[in-house]
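Working notes, structure below.
Numbering (my numbering), first residue to last: 154 to 563.
Here's what the structure looks like:
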């Protein structure tokens, strides 16, 4: 058992038949299910909100295609953490690395999918809350193009960044879920150009260079063209700071009134973030929003409709349980330099697990252009198949510097 569920006995039978027949799924405790009250990871939220009157549209769509809803999964408080630790409800077990945290905020969904308790699980992703727990738990995760999937019936965090995503231990299932939400376009079913941003790979823990070498060699060989450059001439710290500030202001706009009225109890790290969000709530964000629009236009144009950006999902494997809060905050800061990209640009991202290391699961991610969600999922399936049959799992004999591994053709 993974302790993934806050309501394991919650079931909703399929309402139709389709491509998800026979599959079960869990749902993060911020997505409405008729007759149930979401806690959003916080008992005070649970006690001050009424049961949902209807299912979120995303739930109805899955049920119509034959999937069975099995359980509501844990989340970090108000989705405002990347760790998966909850002082009120506990920390789900990471099935692929029990000594490590599962990642958040979609912690229970990642644990349930990784542990085989459901075939796939819904989460939400604002700043990495599907992608990071997917990486930490050694499974596939997907964040769609912003606005591509209806978020009605979902507790918001920061609406201009919020998405509904999902995770699965099988890339085919991950892609099959995408088939019900995205139209199949014309042309090649895969993306053919790979983009390498050297500043992103400089964030990778040097201890992991060796285990990434063979998988990256295989992945790069699958694409017709390769291009390498810096992603940000201004530095990734500026990108992450832009995301962090814009997100925080939106969070306070959404939840500041409730927090002020109810005075809920929060874990200390989340409490501190919310205090900071309140302190900047009145600032003029015109320049930051303009900079975000510049990032969005540049990133989407560089990747292009036939390309993908290859990056490590996280700088390192999952932190150990009991890691000091100050260290977790440092990890969060570094991780956000990677996870902020899809959020700022509104682009789809898929997480692909690699062979586990002594530090725990690790992964790569692919980011595609706006609206290329289905092609991205199909490309992830092809890459997964290639990695499983080749030398990606033979890392002991591979040596090299970051430049040799990533930025020169084999």
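Every residue, glycine too, gets a C-beta built ideally from N, C-alpha and C.
To the nearest angstrom, how far is the alpha carbon of residue i from that of residue j?
i           : j           : result
residue 544 : residue 294 : Residue placement at residue 544 is flagged as unreliable, the pLDDT there being 47, under the threshold of 50; the coordinate-derived value follows with that caveat. Taking the straight line joining both Cα atoms gives about 23 Å.
residue 369 : residue 426 : 36 Å
residue 558 : residue 278 : Unreliable placement is indicated for residue 558, whose pLDDT of 35 sits below 50; the coordinate value is still reported in the next sentence. If you take the alpha carbons of residue 558 and residue 278, they lie about 30 Å apart.
residue 525 : residue 321 : 20 Å
residue 452 : residue 498 : 7 Å
residue 252 : residue 236 : 13 Å
residue 541 : residue 519 : 17 Å
residue 476 : residue 245 : 16 Å
residue 325 : residue 154 : 24 Å
residue 547 : residue 367 : Low per-residue confidence applies at residue 547: pLDDT is 46, beneath 50, and the placement is therefore not dependable, though the value from the model is reported in the following sentence. Residue 547 and residue 367: Cα-Cα distance of roughly 7 Å.
residue 415 : residue 196 : 12 Å
residue 402 : residue 491 : 21 Å
residue 423 : residue 457 : 37 Å
residue 249 : residue 529 : 25 Å
residue 323 : residue 405 : 37 Å
residue 161 : residue 506 : 26 Å
residue 167 : residue 177 : 10 Å
residue 210 : residue 304 : 8 Å
residue 535 : residue 479 : 39 Å
residue 538 : residue 496 : 28 Å
residue 437 : residue 448 : 19 Å
residue 382 : residue 417 : 46 Å
residue 550 : residue 290 : Confidence is the limiting factor: at residue 550 the pLDDT is only 33, short of 50, which leaves the residue's position unreliable, though a coordinate-based value still follows. Residue 550 and residue 290: Cα-Cα distance of roughly 26 Å.
residue 230 : residue 358 : 28 Å
residue 169 : residue 332 : 16 Å
residue 315 : residue 282 : 10 Å
residue 200 : residue 482 : 29 Å
residue 412 : residue 202 : 13 Å
residue 484 : residue 387 : 21 Å
residue 256 : residue 514 : 12 Å
residue 352 : residue 429 : 29 Å
Opposite residue i in the DSSP bridges: which residues?
i           : result
residue 278 : 316
residue 225 : 160, 180
residue 307 : 184
residue 518 : 464, 504
residue 513 : 510
residue 165 : 222
residue 376 : Answer by DSSP bridge pairing: none, since residue 376 is not bridged.
residue 370 : Looking at the DSSP assignment, residue 370 forms no beta bridge with any residue, so it has no partner.
residue 473 : 253
residue 293 : 321
residue 382 : 350
Identify, in the order they occur along the chain, each residue of the same chain with its Cβ nearer than 8 Å to the Cβ of residue i, setting aside the five sequence neighbours on each side.
i           : result
residue 459 : 341, 344, 345, 346
residue 188 : 204, 205
residue 553 : Its pLDDT being 37, under 50, residue 553 is placed unreliably in this model, and the value from its coordinates should be taken loosely. Here the set comprises 362, 363, 366.
residue 522 : 453, 456, 457, 458, 460, 500
residue 407 : 309, 310, 311, 312
residue 186 : 163, 165, 180, 205, 208, 209, 212, 222, 225
residue 421 : 478
Looking only at its chain, what residues have a beta carbon closer than 7 Å to the beta carbon of residue i, apart from the 5 residues adjacent to it on each side?
i           : result
residue 561 : Residue placement at residue 561 is poorly supported in this model, since its pLDDT is 33, which falls under 50; the coordinates still yield a value, given next. Result list for residue 561: empty, nothing under 7 Å.
residue 156 : 243, 245, 246
residue 379 : 347, 349, 373, 562
residue 444 : 395
residue 473 : 252, 253
Using a threshold of 8 Å, state whether the C-beta atoms of residue i and residue j are closer than that.
i           : j           : result
residue 258 : residue 232 : yes
residue 158 : residue 175 : no
residue 184 : residue 310 : no
residue 504 : residue 516 : yes
residue 502 : residue 214 : no
residue 216 : residue 273 : no
residue 385 : residue 391 : yes
residue 419 : residue 493 : no
residue 221 : residue 212 : no
residue 241 : residue 182 : no
residue 591 : residue 467 : Here the chain covers residues 154 to 563 and nothing more, so residue 591 does not appear.
residue 280 : residue 489 : yes
residue 389 : residue 441 : no
residue 307 : residue 319 : no
residue 465 : residue 254 : no
residue 287 : residue 263 : yes
residue 450 : residue 512 : no
residue 409 : residue 434 : yes
residue 268 : residue 239 : no
Below 6 Å CB to CB, which residues in the same chain sit around residue i once its five sequence neighbours on both sides are set aside?
i           : result
residue 334 : 302
residue 271 : 177, 178, 179, 223, 265
residue 198 : 192
residue 171 : 218, 219
residue 173 : 218, 219, 220
Unbroken stretches of the beta strand (DSSP E), 3 residues or longer, contained in the stretch 318–366
346–350
List in chain order: all unbroken alpha helix (DSSP H) runs of 4+ residues lying wholly within the stretch 384–442.
389–415, 421–432
For the stretch 191–253, which segments carrying the beta strand (DSSP E) assignment without a break, of at least 3 residues, lie completely within its bounds, in sequence order?
221–226
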